[in-house]
Structures are given as C-alpha cells and as structure tokens.
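For the protein sequence lines, the chains are S and W, in the order given. Note that the UniProt record's numbering has the first sequence beginning at 1, numbered continuously upward. Note that the UniProt record's numbering has the second sequence beginning at 1, numbered continuously upward. From the three backbone atoms N, C-alpha and C, an ideal C-beta is built for every residue, glycine too. Notes to accompany the following structure.
There are 2 protein chains.
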Amino acid sequence: MPKPGSRLRLVDVAERAGVSLATASRALSGRDGVSEEVADRVRRVSQELGYVANPYARTLAGGASSTVGLVVHQVDDPYFSEIAGGVIEVAAEQGLLVQICHSGRDPHFELRQIRHLIAQRVGIILIAGSGYTDTRVEAETKAELSAYQSLGGRVAVIGRHSLGADAVLPDNEAGGRALAEHLLALGHRRIAVAAGTPGLTTVTDRLAGVASALRGHGLDLAELPVVHTDFTREGGRVAAERILGDHPGTTAVIALNDAMAMGVLAVLRARRISVPERVSVVGFDDVSVAADLAPSLTTVRLPMTEMGRTALALALKPRSNRPRRRPTGHTLVVRDSTGPAPA
Amino acid sequence: MPKPGSRLRLVDVAERAGVSLATASRALSGRDGVSEEVADRVRRVSQELGYVANPYARTLAGGASSTVGLVVHQVDDPYFSEIAGGVIEVAAEQGLLVQICHSGRDPHFELRQIRHLIAQRVGIILIAGSGYTDTRVEAETKAELSAYQSLGGRVAVIGRHSLGADAVLPDNEAGGRALAEHLLALGHRRIAVAAGTPGLTTVTDRLAGVASALRGHGLDLAELPVVHTDFTREGGRVAAERILGDHPGTTAVIALNDAMAMGVLAVLRARRISVPERVSVVGFDDVSVAADLAPSLTTVRLPMTEMGRTALALALKPRSNRPRRRPTGHTLVVRDSTGPAPA
DNA sequence: CTAGAGTACGAAAGCGCTTTCGCAAGCGCT
DNA sequence: AGCGCTTGCGAAAGCGCTTTCGTACTCTAG
Chain S
1 MPKPGSRLRL VDVAERAGVS LATASRALSG RDGVSEEVAD RVRRVSQELG YVANPYARTL
61 AGGASSTVGL VVHQVDDPYF SEIAGGVIEV AAEQGLLVQI CHSGRDPHFE LRQIRHLIAQ
121 RVGIILIAGS GYTDTRVEAE TKAELSAYQS LGGRVAVIGR HSLGADAVLP DNEAGGRALA
181 EHLLALGHRR IAVAAGTPGL TTVTDRLAGV ASALRGHGLD LAELPVVHTD FTREGGRVAA
241 ERILGDHPGT TAVIALNDAM AMGVLAVLRA RRISVPERVS VVGFDDVSVA ADLAPSLTTV
301 RLPMTEMGRT ALALALKPRS NRPRRRPTGH TLVVRDSTGP APA
Chain W
1 MPKPGSRLRL VDVAERAGVS LATASRALSG RDGVSEEVAD RVRRVSQELG YVANPYARTL
61 AGGASSTVGL VVHQVDDPYF SEIAGGVIEV AAEQGLLVQI CHSGRDPHFE LRQIRHLIAQ
121 RVGIILIAGS GYTDTRVEAE TKAELSAYQS LGGRVAVIGR HSLGADAVLP DNEAGGRALA
181 EHLLALGHRR IAVAAGTPGL TTVTDRLAGV ASALRGHGLD LAELPVVHTD FTREGGRVAA
241 ERILGDHPGT TAVIALNDAM AMGVLAVLRA RRISVPERVS VVGFDDVSVA ADLAPSLTTV
301 RLPMTEMGRT ALALALKPRS NRPRRRPTGH TLVVRDSTGP APA
C-alpha cells in the first residue's frame, strides 16, 4: 500500500491553482458554485499534475462509490466472460472498478456474495445469469436487494426477471421455440433435450419454448426424452450418453446452452455418429467458439457483450420507480450441425 | 451509494462489546496488544451483529488496500479468462476485490492502465500476458512499477520476465520446441508458422523454441514461411490464407496460440483440406475448448487457472529483495489435429 | 444610498477506520 | 518501598475527500 504523503492530493492541486480545497473539489466533480474561469484553471492544473482522486477517500466522504460488483454463475464460462467484457468496457469509460464474483450456480452462495458486496458498500450490483425456481431463496435475495436499493444502491440483472430490478432480458422462450421450429422444419420428430442445471428459470423458459413449438406440430414434450444434468460441457456429455443409450432412434438433440452442446458433440464424435447426417445438434447463446466447433454449431445468438454494456448503462441511469426492462434480440444462426432428418 | 448512518460501524461493535474503538479495531484486524479474552468477545459480538468493515475507510486510514488490479491483454479471450478465474478464486478466499483491466495488447495503453491502477491506490497489481519487445515502453513500465513497489505496492506478472517483479513463467521456448519436435517426429518437413502479434516476447520465445528443434533436424526456420499476424482467431485465419496461398505444399502449421489455431482450422475446413491427413495443426496454451474443436487440437498445455492462483499467492507473500520466479510446467497434449506427414 | 437577493468562494466538520501516544495496572527486581 | 518493565487499553490524531455553513462581494430594486 503506497505510503501517505507520497502521492498527489487534492490540496496540492488546489494550492497550485490558488484556490481552496473546497473549490478544487467542486471544480473537479462538476458541482456548481464555481466560476467557469476558476473551474477551468483547476481542471488544467489537475491535468498537468496528473492528479487522480483517491477513490477510497472520495467514497468515504459520501461521493458515489466507484465500484460495480458483477455476480456471475461461472467466471470462466465464455457466456459470462463475454458479458463481463461488455461491462468492463463501459466501466472503463466511466472510470469505474469492476469486481467480479462467482456464484457457481448455487442460489445460497449467490446470496452470500450479494450480501458481501452490499457490506463492502459497492455502489452498483449487476447480476448475470438465470434466476432460480426455488422461490424461497429468490425472495430472500430480492428482499436484500430492495433494501440495498432503498438505501441508494443500484441494481441491474441480466437474463432474470424475478428480482424486481432493472433487467436486460433475452427471450428464452422464443429462442427455444425458434430452435425447435428449425428442427421440425427439417423433418425431425425424434427430438431429445439435454436440459441444464435443474432449478434455473432459464431451463424452464427455454423448455417452454420448445414445448410450444412441438405442440404446434402435434407433439408432446412430455413424451420425449428430456435429461436434466448441468449447464456445462460435462453436463452435456452425461446427457448425451443417457439419451443415446435409452433412445437410440433420436435424430436431433436440443442442448439448452452451447457448453452442453459441446459435450453432446464430443459424445457423438467419440461414438462416430455423424452430425448432422445421423443426428442434428443445436445449442443456445452463440458463444464465440460455437462457429469453430466441428461441425459448426447451429444455435440462437444472444448479444452477450451488448447485454453487459446495456446492463451497466441501465444501472447508471437515474432510477425511475418501476423496474425497467430491456428485451434483447436473438437470432437463429443456422450452421453445419443441423440437417434434414434421416429417412 | 448506501446512506451514512444506515450501516453498522465499528463503534457500534465496540460499544456492544464494552471496549473502545481502538481496541475493537485491534481485535478484529489481529493486531496484538489485546488480551485473548477481550479479542474473543469483540470477534463474537462482531459476528453476531454481522459486522463487515467499510473497506474505503479501512484503506483510507492506512490499512492494506483490499483490491487487486489484474491487467490482461484481452478480457474475453479464454486464455485470460481462465487466468482470471484462478486469481478470483484466491482473491475470494482472502476477501479481496479484483479489478480487471483490458490492455488490448497495446503497450502504451497497458502502461496507462497500470498508471491508473496505481493512482487508484490498489494494493496489488497483477499483469498477465506477454511482454513487449519494444524495450523503451517496457522500461518505462518497469520504472513505474518499481516506484510503486518501493512505495509498498505489490506486483506479480504472468508469462513475462522483463518487469523486475515476481513472476509466474511458463517455458515458452521449451513448449515451442516440444511442438516442433512432435511434428518432426511425425515426418513433417514442410512446416509453416502462424505467428502472433508482432512485438510480443511470447512470439519470439516460442519461435526460438521451434527454431532450435528444427536446427536439431538440419532445418532452418529462416527458410520456412513464418507469417506474423495477430494472436486472435482472425489472425489465425489471415495467416492460414497466406500460408496456403504462398506455400501449397505445407504439411503442418504451428499456430503460436490456440486462438490462432482455431482460425487456421477454420480456413482448412472451409477449403476442405482434411486435418490431419493433409495438414497437421498445432496450437499453444490448451484453452478449455481445444479439446472440443474438430479435430481436437494438439497443443501445449499451460495450467492457466493455477498460474492465476500462483501469481496472486506470490504477490501476497512478503516480498524478498530479489524477484522470485515460479516456473510452470507444460505438457504436450497430442490430440487429433496432428498425424504423420503425407507421402 | 441602503436593503435584500444572489453569487463565488473558504473554513471546518465529518465519513469510518487504523495507529500513535500516553496512562494505569501488574510484574519481578534490588 | 521504590524502580523500571511489560502489558492492556483508551483518547485522539489523522487518511483525503465531499459538503454544509458562513462570509465577502456584487447586483438590482426601492
């Protein structure tokens, strides 16, 4: 920790500009009550000297806290690191720090992380990733966040609608529907689903979309194999093994995110089942590597980086009383992992 | 920003425990000069009340700053996000914040980021990613960091030996050699290199390893195509196009990182050149998706997550006078993207 | 020419913590 | 009993900023 006295302080700038500490502070933080002329002089001096305010002192004195806490399900999952990229971009523009926390898709752990962030007095909390269907924990989390907001904290969530905060929301149901429609149009009927971590609303929403498309074609999701494992590559592997073992006639697998799709593809490759000739595979999210898998993955694209950017921008804007919702677009990206159902 | 007065302060804890503010502070931060009995009482009360110190006040008052700045070349590159994962893990254990900055592989921008972190008074700075061969900027960066360290700041670098700080160092040269040896053993002679961003020491080191292996087999790297583009997937694409255009007889491509290898594979796939039958491809790093590409990628594994962990652990340990170096192991991982040279 | 309002700035009071300093009590020693 | 030591604790001085409050000065109105 740099020793005191060693760094430029606001007094130094003030002195050099021939004004008081108070005036210098006002000038630099854009408060009014300072003549344009003086304000200009202070800013110039500060620039020349390379002054940067001590964020700890600033926050302690009651200024806005300059750190934003970002809670994600899994830091090294590309879905979340792309979101983080967007958040960091905006934060850098605004001179904000970003503190990233990992919740491991455990609602209790997530709540702990949020409580910790609040105790740390971060000014903004961003929560990325699916909500939980366990309404008890979810309600507790929501209560915690409400208290935080009523104290002036700012919150935005990404891909979650249950926390009573501003939200950036992809339409998971429509995405799921698009995926299923695509497969149905290709003539697939023996469709299986590799579903993600149980207890996540993303899973239920995407599944609902799939079910609705199926119904439109006279099929019932309840009669098709839906294997719940985990939203990871490993989860995809396990699901694929089970699907192929129990339902060898399957011609298409819907993985509810790209990580799982990668696991599914790995299993098919290992079993030398050709994709898409014998089995078609689709994912969800369009993480950047999806295009590089072989075969390249048909999936629903979510604009992750932009979602991160939007979420922070939303949290930064003065809050109205009602939570705002920013729907995000999604597009079906058809690549080489899907093809006509085999005869 | 939570309003003042709304949160538990240390005085509250002190009062409740029947001791002075000073004693409470000492008890909680483990300073001595407090009897075990009193310290215990304070800790218990603090626990009961759910007290969490205000990090801004703590830092301002001269305690250790609890944030670590992590500078990476590119936030959403899996190589760096895996390193970040390791750093965040250790940071969470220690109750530290992690602030991630993006340098975009530009040494000047990187220096600016570092200066900003220093001005922000972070207590620890971690720098991940290759050094720059431009010794001027590198020296300037080093000087800045030395000043910071002499003021008590802590620094550790990952994959870089030029900054006079504690370092976690993969052996890029040996890795490059292993890759080339592997291809040579398979009978390849017409080898091309898709080299990364010019001006990075990682590029020169890995190349040096390749050159040394080639020499051992009577070949000269200077006579083989080495295309310098950029350490990204797109860079790999461009390099591959050029290599295939100018040297159609090439039987093996060494990409100097996995991202580039992905670009190379994409081009080969587009041109329907089968891998590894006609052309073998190798990468470097073993990012987690390397195993899922098709064909899965032969590469040199670096333990990224562990490197991140080690770097922070190193920075946390009391500093000796000489910079410490932690070499990291690497292993050649042979997968399906390499095979015998075609006759 | 003075009263009242408005504007530009400085002095000083915190924000919540750590740390220095000083005092009081307890100890063994001469 | 008196001395110096050590030990355990409290009072108070900051850390570098923001903000409230007050003062001096200008300007318009009466």
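Proximal chain S residues relative to residue i, where beta-carbon distance stays under 9 Å
| i | result |
| --- | --- |
| W/Ala143 | None at all; the shortest Cβ gap to chain S is about 15 Å. |
Element boundaries [alpha helix (DSSP H), containing residue i]
| i | result |
| --- | --- |
| W/Gly209 | 201–216 |
| S/Asp246 | 233–246 |
| S/Arg43 | 36–49 |
| residue 346 of chain S | Only positions 1 to 343 of chain S appear in this structure, which leaves residue 346 of chain S out of reach. |
| S/Val72 | Per DSSP, S/Val72 belongs to no alpha helix (DSSP H); it is in the beta strand (DSSP E), 67–72. |
| W/Arg136 | 135–150 |
| W/Gln94 | 78–94 |
| W/Arg26 | 21–28 |
| S/Thr338 | It is not in any alpha helix (DSSP H) - S/Thr338 carries neither H nor E in the DSSP assignment. |
Closer than 8 Å: residue i CB and nearest the ligand MN heavy atom
| i | result |
| --- | --- |
| S/Leu60 | Within the structure as shown, the ligand MN is missing, as the structure has no ligands at all. |
Sheet register partners of residue i (DSSP bridge)
| i | result |
| --- | --- |
| S/Ser280 | S/Ala252 |
| S/Arg301 | S/Asp285, S/Thr331 |
| S/His228 | S/Ala195 |
| W/Ala128 | W/Ile158 |
| W/Leu293 | S/Leu293 |
| W/Arg325 | W/Ala167 |
Proximity to residue i [Cα-Cα], best of the options
| i | options | result |
| --- | --- | --- |
| W/Ala167 | W/Ala174, W/Gly176, W/Ala259, W/Ala156 | W/Ala156 |
| S/Glu277 | S/Asp285, S/Leu268, S/Gly283, S/Phe284 | S/Leu268 |
| W/Asp40 | W/Ala24, W/Tyr51, W/Ala270, W/Ala261 | W/Ala24 |
| W/Thr305 | W/Leu214, W/Ala57, W/Asp286, W/Ala180 | W/Asp286 |
| W/Glu48 | W/Ala22, W/Leu8, W/Val19 | W/Leu8 |
| S/Ala208 | S/Arg237, S/Ala194, S/Asn172 | S/Asn172 |
| W/Pro342 | W/Ser146, W/Ser280, W/Arg121 | W/Ser280 |
| S/Asp230 | S/Leu224, S/Thr141, S/Arg136, S/Gly196 | S/Gly196 |
| W/Arg58 | W/Thr232, W/Arg26, W/Arg16 | W/Arg26 |
| W/His73 | W/Ser162, W/Glu223, W/Leu200, W/Val334 | W/Leu200 |
| S/Thr232 | S/Val98, S/Pro198, S/Leu10 | S/Pro198 |
| W/Gln149 | W/Pro318, W/Pro340, W/Ser35 | W/Pro318 |
| S/Gln113 | S/Leu70, S/Arg242, S/Arg44 | S/Leu70 |
| W/Met262 | W/Ala291, W/Thr251, W/Pro248, W/His247 | W/Ala291 |
Inter-residue spacing [alpha-carbon to alpha-carbon] between residue i and residue j
| i | j | result |
| --- | --- | --- |
| S/Leu96 | W/Leu316 | 24 Å |
| W/Ser274 | W/Ala91 | 45 Å |
| S/Ser66 | S/Arg189 | 53 Å |
| W/Lys3 | S/Gly62 | Reliability of the predicted coordinates at W/Lys3 is poor, the pLDDT of 44 falling under 50, and no value is obtained from them. |
| S/Thr298 | S/Thr331 | 11 Å |
| W/Gly129 | W/Phe80 | 8 Å |
| W/Phe205 | W/Gly236 | The question names Phe, but residue 205 of chain W in the sequence shown is Asp. Rounded to whole angstroms, W/Asp205 to W/Gly236 spans 18 Å at the Cα level. |
| S/Val193 | S/Val282 | 10 Å |
| W/Leu244 | W/Leu117 | 44 Å |
| S/Asp77 | W/Pro78 | 8 Å |
| residue 346 of chain S | S/Val300 | As displayed, chain S neither begins before 1 nor continues past 343, which places residue 346 of chain S out of reach and without an answer. |
| S/His102 | W/Ala84 | 11 Å |
| S/Arg335 | W/Gly153 | 50 Å |
| S/Leu224 | S/Pro295 | 25 Å |
| W/Ala239 | S/Ala222 | 50 Å |
| W/Glu89 | W/Ala311 | 12 Å |
| S/Gly104 | W/Arg215 | 48 Å |
| S/Arg136 | W/Glu234 | 46 Å |
| S/Arg309 | S/Gln94 | 12 Å |
| S/Ser337 | S/Leu183 | 11 Å |
Listed by chain order, chain S residues near residue i by CB distance under 7 Å
| i | result |
| --- | --- |
| W/Ile88 | Val75, Ile100, His102 |
| W/Gly85 | Val75, Asp76 |
| W/Leu293 | Asp292, Leu293, Ala294 |
Bounding residues of the beta strand (DSSP E) (the contiguous stretch that carries residue i)
| i | result |
| --- | --- |
| W/Ile100 | 97–102 |
| W/Asp166 | 166–170 |
| S/Ile158 | 154–158 |
Contacts of residue i in chain W (Cβ-Cβ under 7 Å)
| i | result |
| --- | --- |
| S/Val269 | Before going further, note that residue 269 of chain S is Arg rather than Val in the sequence given. In chain order: Ala294. |
| S/Thr59 | Tyr56 |
| S/Ala119 | Val52 |
| S/Ala266 | Asp292 |
Closer than 8 Å at the beta carbon, the chain W residues around residue i
| i | result |
| --- | --- |
| S/Met262 | Val289, Asp292 |
| S/Glu277 | Per Cβ cutoff of 8 Å: no residues; S/Glu277 is ~14 Å from chain W at best. |
Within chain S, partners of residue i - CB distance below 8 Å
| i | result |
| --- | --- |
| W/Leu97 | Thr67, Leu97, Gln99, Gln120 |
Contact list for residue i against chain W, beta-carbon separation under 9 Å
| i | result |
| --- | --- |
| S/Ser25 | Residues of chain W passing the Cβ test: none, with the nearest at roughly 16 Å. |
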